[in-house]
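>
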Amino acid sequence: MSTARITVAGDAPYPVLVGSGLMDQVAGLIGPNAAQVLLVHSPAMGAAVQDLQASLRAAGYRTTGFELPDGEQGKTIAVAEAAWDVLGEQAFGRQDVILAVGGGAVTDAAGFIAATWLRGVGVVHLPTTLLAMVDAAVGGKTGINTAAGKNLVGAFHTPLGVICDLDLLATLPPADLRAGMAEIVKCGFIADERILTVIEADVRAAADPSSPVLADLVRRAITVKADVVGSDLREAGLREILNYGHTFGHAIERVENFRWRHGDAVAVGMVFAAELAHRAGSLEGAVVHRHRSILTALGLPTAYSPDRWDQLSDAMRRDKKARAGTLRFVVLQGVAAPVELTGPEQSVLRRAYDAVSQAPL
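FYI, the numbering used here numbers position 75 of the sequence shown as 79, with every residue one higher than the one before it.
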């Protein structure tokens with residue numbers, strides 16, 4: 005397939021390359037000014053990182069590997085501090101570049117490390133999961149977790165570029181591929197209905213990592229995100245529509261101590277947001293049903309435990325999208341028509357929760 009080049013606009017525009025066989029594009033994004041590269045990676049990417057290091061050394065860079073703990077365990081201040089120590093030992097300069105190789109937790113953490121070292125060094129993202137390709141790696145948001153919540157400490161830090169090599173999806177575990185589809189579905193509901201109709205037409209092809217259908221969905225989802233973040237880098241307004249499903253989804257992640265995959269939690273979060281909009285009078289029931297139908301067809305969850313409301317409510321109030329304890333949600337008035345719902349009544353929130361907690365886990 006041909007390589008798509010999607011530009012994220014803003015003060016420092018950057019490319020997102022989408023296609024197959026793109027590993028040889030990494031050095032081009034790092035550029036000629038860097039002397040060395042720190043490869044921040046997940047444990048699963050150790051072998052691939054060795055190959056990348058060999059390739060980058062052949063291109064004239066000095067390289068160092070830094071392996072993160074797996075998943076959200078890699079997004080802590082202690083891990084960031086360990087990375088800073090390595091950067092100091094290597095005399096890592098402002099012209100040097102960090103290469104993030106892994107899923108969304110890796111791009112979040114590596115981006116934060118890049119944003120904070122010397123007040124900002126270059127970072128290139130090489131996402132290896134579907135979720136990271138269509139969400140975490142694009143947009144310049146970085147973050148680590150604290151005891152108070154997910155991604156509450158972070159910075160906006162625009163990457164030099166992003167490489168989405170779809171060949172990497174061939175070895176992705178099916179559960180992780182499914183979780184990534186949730187963010188693609190989100191882009192369909194907030195901006196590009198064609199995403200939804202493509203999935204509905206052939207759900208099997210849509211979730212097949214070797215299918216041109218999935219390749220098209222990835223390009224469409226990245227284009228949605230690029231269009232939004234290019235207009236609103238720092239989440240001052242429009243960008244908040246990308247949080248569709250995330251307020252309730254992040255609460256699930258926190259209550260579950262991050263044992264749930266992000267995409268699974270967002271899938272339930274979207275159904276909650278749809279039920280909330282329906283009960284607030286802004287969304288037709290048919291669109292709520294469409295949420296459940298598409299997500300269920302993809303094998304994603306649409307329900308959560310019925311006995312966790314107090315914990316979830318507390319977690320949502322601590323979410324970074326809340327204002328002075330007032331809950332704020334992105335909801336829909338229709339497909340591709342997102343709006344903000346601020347301070348919904350507790351009775352409406354509870355009815356929406358009841359609607360997504362009918363089936364015990």
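The beta-carbon is built from N, C-alpha and C at its ideal position, and this holds for glycine as well.
Using a Cβ-Cβ cutoff of less than 6 angstroms, which residues in the same chain neighbour Asp55 once the five nearest sequence positions on both sides are dropped?
Numbered from its first residue, the sequence shown carries residue 55 at position 51. Within the same chain, Asp55 has no close Cβ partners at all.
> How is the alpha helix (DSSP H) around Pro197 delimited, first residue to last?
Translated into the one-based positions of the sequence shown, residue 197 becomes position 193. First, the residue type needs correcting, since residue 197 is Glu and not Pro in the sequence shown. 197 to 205 is the extent of the alpha helix (DSSP H) around Glu197.
> Can the beta-carbon of Leu170 be found closer than 8 angstroms to that of Ser24?
The sequence position of residue 170 within the sequence shown is 166, counting from 1. The sequence position of residue 24 within the sequence shown is 20, counting from 1. Result yes, Cβ atoms of Leu170 and Ser24 sit closer than 8 angstroms.
> Can you list, in chain order, the stretches of the alpha helix (DSSP H) that have 4 or more residues and sit fully within the stretch 267 to 292?
As far as the stretch 267 to 292 is concerned, it has no whole alpha helix (DSSP H) run of at least 4 residues.
> What is the DSSP secondary structure of Phe160, reduced to helix, strand or coil?
Taking the sequence shown and counting its residues from 1, the one referred to as residue 160 is at position 156. Residue state, collapsed to three classes: strand.
> What's the C-alpha gap between His250 and Val270?
Working through the sequence shown from its first residue, we reach residue 250 at position 246. Working through the sequence shown from its first residue, we reach residue 270 at position 266. Each residue's alpha carbon lies about 6 angstroms from the other.
> Using the C-alpha atoms, what's the distance from Ser235 back to Ser15?
Stepping through the sequence shown from its first residue, residue 15 is reached at position 11. Stepping through the sequence shown from its first residue, residue 235 is reached at position 231. The amino acid occupying residue 15 in the given sequence is Asp; Ser does not appear at that position. The alpha-carbon atoms of Asp15 and Ser235 are separated by roughly 10 angstroms.
> If you run the structure through DSSP and keep just helix, strand and coil, what is Thr150?
Working through the sequence shown from its first residue, we reach residue 150 at position 146. Reduced to three states, the DSSP call for Thr150 is strand.
> Val44 and Ile102: beta carbons closer than 8 angstroms?
Translated into positions along the sequence shown, residue 44 becomes position 40. Translated into positions along the sequence shown, residue 102 becomes position 98. Going by C-beta atoms, Val44 is nearer than 8 angstroms to Ile102.
> Using only CA atoms, which one of Gln99, Thr11, Gly35, Phe193 lies nearest to Val334?
Here the question's residue 334 lines up with position 330 in the sequence shown. Val334 has its Cα closest to that of Phe193, out of Gln99, Thr11, Gly35, Phe193.
> Can you tell me the Cα-Cα spacing of Gln57 and Asp220, whole angstroms?
For the purposes of this step, residue 57 is identified with residue 53 of the sequence shown, where counting begins at 1. For the purposes of this step, residue 220 is identified with residue 216 of the sequence shown, where counting begins at 1. About 30 angstroms.
> For Arg66, which beta-bridge partners are listed by DSSP?
Counted from its first residue, the sequence shown places residue 66 at position 62. Bridge partners of Arg66: Gln40.
> Could you tell me if His293 is buried or exposed, where buried requires 16 or more neighbouring beta carbons within 10 angstroms of its beta carbon?
On the sequence shown, position 289 is the one that residue 293 refers to. By the 10 Å Cβ count, His293 comes out exposed.
> Go to Gly75, then tell me how far its beta strand (DSSP E) extends in each direction, as first and last residue.
For this step, residue 75 is matched to residue 71 along the sequence shown. Where Gly75 is concerned, there is no enclosing beta strand (DSSP E), given that its DSSP letter is neither H nor E.
> In this structure, how does DSSP classify Ala104 when only helix, strand and coil are distinguished?
Numbered from its first residue, the sequence shown carries residue 104 at position 100. In the structure shown, Ala104 sits in a strand (DSSP, three-state: E or B).
> On a CA-only basis, which of Ala31, Glu279, Asp206 is nearest Pro348? Give me that one, please.
Stepping through the sequence shown from its first residue, residue 348 is reached at position 344. If we check each option's Cα against that of Pro348, Glu279 comes out closest.
> Can you tell me whether Ala13 is buried or exposed, with buried defined as 16 or more other CB within 10 angstroms of its CB?
Position 9 of the sequence shown, counted from the start, is the residue given in the question as residue 13. It is exposed - the Cβ of Ala13 has fewer than 16 other Cβ atoms within 10 Å.
> Using CA atoms only, rank isn't needed, just tell me which of Ala209, Leu26, Arg123, Ala119 is closest to Lys145.
The sequence position of residue 145 within the sequence shown is 141, counting from 1. Nearest option by C-alpha distance: Ala119.
> Roughly how many angstroms lie between the CA atoms of Ala301 and Lys190, to the nearest whole one?
Taking the sequence shown and counting its residues from 1, the one referred to as residue 301 is at position 297. Taking the sequence shown and counting its residues from 1, the one referred to as residue 190 is at position 186. Straight-line Cα distance between these residues: approximately 15 angstroms.
> Rounded to a whole number of angstroms, what is the C-alpha to C-alpha distance between Val127 and Thr111?
As a position in the sequence shown, residue 127 is number 123, starting the count at 1. As a position in the sequence shown, residue 111 is number 107, starting the count at 1. One C-alpha to the other measures close to 9 angstroms.
> Would you kindly report the start and end of the unbroken alpha helix (DSSP H) that includes Gln315?
In the sequence shown, residue 315 corresponds to position 311, counting from 1. Run containing Gln315: 313 to 321, per the alpha helix (DSSP H) assignment.
> To the nearest angstrom, how far is it from the Cα of Leu365 to the Cα of Asp268?
Residue numbering aside, residue 365 sits at position 361 when the sequence shown is read from its first letter. Residue numbering aside, residue 268 sits at position 264 when the sequence shown is read from its first letter. Because Leu365 carries a pLDDT of 41, less than 50, the predicted location of this residue cannot be relied on, and the following value inherits that uncertainty. Approximately 13 angstroms, taken between the alpha carbons.
> Report the residue from Val20, Arg98, Met49 whose alpha carbon sits nearest the alpha carbon of Asp139.
Residue numbering aside, residue 139 sits at position 135 when the sequence shown is read from its first letter. It is Val20.
> Should Asp206 be labelled buried (16 or more other beta-carbon atoms within 10 Å of its own) or exposed?
Numbered from its first residue, the sequence shown carries residue 206 at position 202. Exposed is the call here.
> Have a look at the DSSP bridge pairing and note the partners of Ala308.
As a working mapping, residue 308 is identified with position 304 in the sequence shown. Note that residue 308 is Tyr in the sequence shown, not Ala. Per DSSP, none; premise fails for Tyr308.
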